[in-house]
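Chains as they are written, first to last, in the numbering used here: chain Y, 1 to 311; chain L, 312 to 650; chain R, 651 to 977.
Built from N, CA and C at the ideal position, the CB exists for glycine as well.
Below is one structure, written out as structure tokens, with a few remarks after it.
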């Protein structure tokens, strides 16, 4: 188990190193930073001085090491627009994004998983077909379309809720719903198929054959097994808490990390883009790590050695 | 067709795998096949019996050149088996074919039977484009399928018919050797008899040699001219089917034979203790000694060689059967492992 | 007179309108060992899954199943839960996947003890250990904390048997219990089942495709074909003098252990598809004794000799089977 843990943690760290390296390479490939930041018609001496000041004339591996150690210290460079540290800019947007994505996650879990389980237990019933129809709809309709439809209905037609901005909790309702419904649909489909797979397993028949009542067999024998594949998709959802709302934040002009990203890309504010990238990667990797460790807890087969080999 | 001509000879085949215990365990060396020698004569069948994990399938794959032995060598028609992937190997491979346990898995679900039977003809450039439909029809007839079944897809056929289709495909190149890996164990009893009869017919007609791998001693007796019993990667006894079945010399072969379910017989069965062997934890000395009812102390130390028994010339790898050690009463670790 | 332990009459089952059982009549006496043999799809497993209400919801089941005189087919779930595991236990073909991979073996056994004997905690654990000992599990105490994947197939089947014994059932239904196991392990499991039966007087239904396995384990054999029982007799009689041509054909198709080797007497063709059953005897298209009368109606199971019944209008006379087999 310790070995399992150690390996998973080191794999996560390795992934982060690769992501940072990737960011560095992309940054270098996107053009000469001096020319990008100074305008192209700046005097050559100024550009030379800039290069000197930022160490752009040093060997590339020295630059890479410097870059790496800076990131390690939490220095992710300054925004080119207002000169503030990029990390500060990003950090102050995080609460706004979480204010959307956390409630949305709750909807996904609270709606998607029970709906999936219910549909699987009542396979081919009217409820199953209805859930799956909704799930396919929620799954295939892109979030900006769903968002716009919700705005049309609830903001424009009915006038119950505001269509954009961040003034009160009422402003959050539509973006949260937009995010939550799509995710719940994905999760419902996934949970349903995981459940159906498990319900068809021989050990379920064994449980019933030894006299375990149906409800208890579902609870004690089916759910723990169905949880194993479902954890993967939930992990992915947790991993995208920061990055998953780019489109929705834009549609509802919600000042979160996603909107910051869109603006930064438009302005070629590389430090900010890179900071968001690293942050998103870090959340993804940590969520993945947690999922891996959860697998170990949920599935004893991953914890210990299988018995023997076959020739 | 002379029955004595050697088609294939395998000498001291060894196949090792490294496997990890668990996902991150230390790699352990597993000897799936540990020094197996076999001789196959033209037009004859060698039966290979043993339980799961004894290395019989790995041996079959090595004979076909689908796996390369770590040591030892194979000679086919007096030529050394060329390395896999070379043109010589491919040429040689056209003279060998395989029949698998699971015919549905061995066939491509998306292609009809006729196309799949024609495939080896195309790969090996046999016949002309024009005469291929005729050849396919003849092949299908030769395995008892109707020519109109060429347009069927695997899922539209029954298990027995699928195995016939696999056999038709295997016979397309008129091979000299057919390796049949548990060809009947996925089939129902009445269909098993059909497929066994068909294999015998094909052999009588075409003179193909067969390596018949099975865990079913009855089927092996029905099909084979010689039988080799394997245990944990080694041949422990080899001989004529009726010798091995009626008076097995090796204690393991004795247990196997006594375990054949037999209408009309009750009791008198040797029930072995313990689990089937695990190649990862191979016992020292004779690999069978922890389960052997007559193991003596030497059995835990020395690996017995497969050699002719002085008494009657039987090929057996057992200290006790060879008369080199007095029959013991099993070894103390039996008590610990007893199940 | 006390009714038989289990009495099945006119049991039918259909999936999506396709019949799998076409009227099965079968009774099992107390302490008796009965075998149900036949090829895949003949309904031998479905019979007992249907009788115990273990078929998926889409299955349509009809007829009657009486346990000790009381109807259990379509009984309320609470009644069935007490019967299953408590009075009739069942074990299956593939022991590794029949055990829950995420629960420890001890927990899977104690669950049955809790349901049927109200045991819990240390007492249940101790009883689980005793049961594992009983089925010959080496190092039983440590195995309580093991998971199924840590055990071999044979050991897992022992666990399944221990779990089945937890409710002290009057009948154990073993559905192909040794098919997935190696020959030497099959011998161990059959020996164990026989031993348990000797000690406990439990009745046994052995479902198998292997006539040899059946012959050694059971007193009475029922041969099934296409969803019906076609022959029912003492095991020794069946092998000496089968009356139904299908049973004779199955025996003849088995490669002999001795004597000259010659082509096997294979049964031609295959089982008719369930949606394309012939109007008369379902075996008629493959039967060497087929006459026009066979196609008129499905033959009823009727007595051909004392305690020997066959569903055939031209049953083989005693002694004829030998000739057919060597034909």
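DSSP state of residue 435(L) mapped onto helix, strand, coil:
In this structure, residue 435(L) counts as coil in the three-state DSSP scheme.
Runs of beta strand (DSSP E) wholly within the segment 317-400 of chain L (minimum 3 residues, chain order):
317-331, 338-352, 356-360, 382-387
What separation, rounded to the nearest whole angstrom, lies between the Cα atoms of residue 867(R) and residue 829(R)?
14 Å
6 Å CB neighbourhood of residue 349(L) in its chain, flanking five on each side removed
321
Within chain L, the residues that residue 833(R) reaches when beta carbons sit closer than 7 Å
362, 526, 567, 570
Quick check on DSSP: helix, strand or coil for residue 823(R)?
strand
Could you run through the segment 283-301 of chain Y and flag, in chain order, every residue whose CB is less than 9 Å away from some CB of chain R?
298, 299, 300, 301
Alpha carbon of residue 514(L) to alpha carbon of residue 434(L), nearest angstrom
24 Å
Please report whether the beta-carbon of residue 95(Y) lies at a distance below 7 Å from any beta-carbon of chain R.
no
For a cutoff of 7 Å on Cβ pairs, would you count residue 859(R) as touching chain Y?
no
Identify whether residue 618(L) lies in helix, strand or coil by the three-state DSSP scheme.
The answer is strand: DSSP assigns residue 618(L) an E or B state.
Tell me which same chain residues have a C-beta within less than 6 Å of the C-beta of residue 249(Y), skipping the five on either side of it?
256, 258, 259
What are the residues that DSSP puts in a beta bridge with residue 729(R)?
According to DSSP, residue 729(R) bridges with nothing at all.
Is there at least one Cβ from chain Y nearer than 7 Å to residue 665(R)'s Cβ?
No, because no Cβ of chain Y sits closer than 7 Å to the Cβ of residue 665(R).
Kindly indicate which residue of 394(L), 383(L), 475(L) has the alpha-carbon position closest to the one of residue 425(L).
475(L)
With H, G and I counted as helix, E and B as strand and the rest as coil, what does DSSP make of residue 464(L)?
coil
Just the chain Y side, please: which residues come within less than 7 Å of residue 748(R) by C-beta, in chain order?
Near residue 748(R) (Cβ distances below 7 Å), the residues of chain Y are 202, 203, 206.
Tell me whether residue 558(L) is buried or exposed, calling it buried when 16 or more other Cβ atoms sit within 10 Å of its Cβ.
exposed
Residue 872(R) bridges to which residues according to DSSP?
686(R), 882(R)
Delimiting residues of the alpha helix (DSSP H) encompassing residue 545(L)
No alpha helix (DSSP H) contains residue 545(L), which is instead part of the beta strand (DSSP E) from 545-550.
Between the segment 149-157 of chain Y and the segment 227-234 of chain Y, can you find at least three pairs of beta-carbon atoms closer than 8 Å?
no
My output table needs one value for residue 690(L): the three-state DSSP class, helix, strand or coil.
Only positions 312 to 650 of chain L appear in this structure, which leaves residue 690(L) out of reach.
Run down chain L in chain order and give the residues with a C-beta less than 7 Å from the C-beta of residue 689(R).
For the C-beta of residue 689(R), the chain L residues within less than 7 Å are, from N- to C-terminus, 499, 500, 501.
Test item: CB-CB of residue 274(Y) and residue 91(Y) under 7 Å
no
Do residue 782(R) and residue 739(R) have their CB atoms nearer than 7 Å?
Against a cut-off of 7 Å, the Cβ pair of residue 739(R) and residue 782(R) comes out as no contact.
Looking at the C-beta of residue 479(L), does it have a partner C-beta in chain R at a distance below 7 Å?
Chain R, which has no Cβ nearer than 7 Å to the Cβ of residue 479(L), makes this no.
With a cut-off of 7 Å, does the C-beta of residue 752(R) fall near any C-beta of chain Y?
yes
Contact under 7 Å by Cβ, residue 100(Y) with residue 245(Y)
Result yes, Cβ atoms of residue 100(Y) and residue 245(Y) sit closer than 7 Å.
Which class does residue 703(R) belong to by DSSP, given the choice of helix, strand or coil?
coil
For residue 735(R), go through chain Y and note every residue whose CB falls closer than 7 Å to its CB, in chain order.
209, 210, 211
Smallest Cα separation from residue 115(Y): which of 192(Y), 200(Y), 266(Y), 160(Y)?
Per the Cα distances, 192(Y).
Cα separation between residue 112(Y) and residue 858(R)?
So the alpha carbons of these two residues sit roughly 43 Å apart.
Does the count of Cβ pairs from the segment 465-473 of chain L and the segment 412-419 of chain L closer than 8 Å reach three?
yes
For residue 442(L), would you say it is in contact with chain R, using Cβ-to-Cβ distances shorter than 7 Å as the test?
no
Suppose the cutoff is 7 Å on Cβ atoms and the five residues either side in sequence are ignored; what does the same chain contact list for residue 55(Y) look like?
63, 66.
Please report the residue range of the beta strand (DSSP E) in which residue 958(R) lies.
958-960
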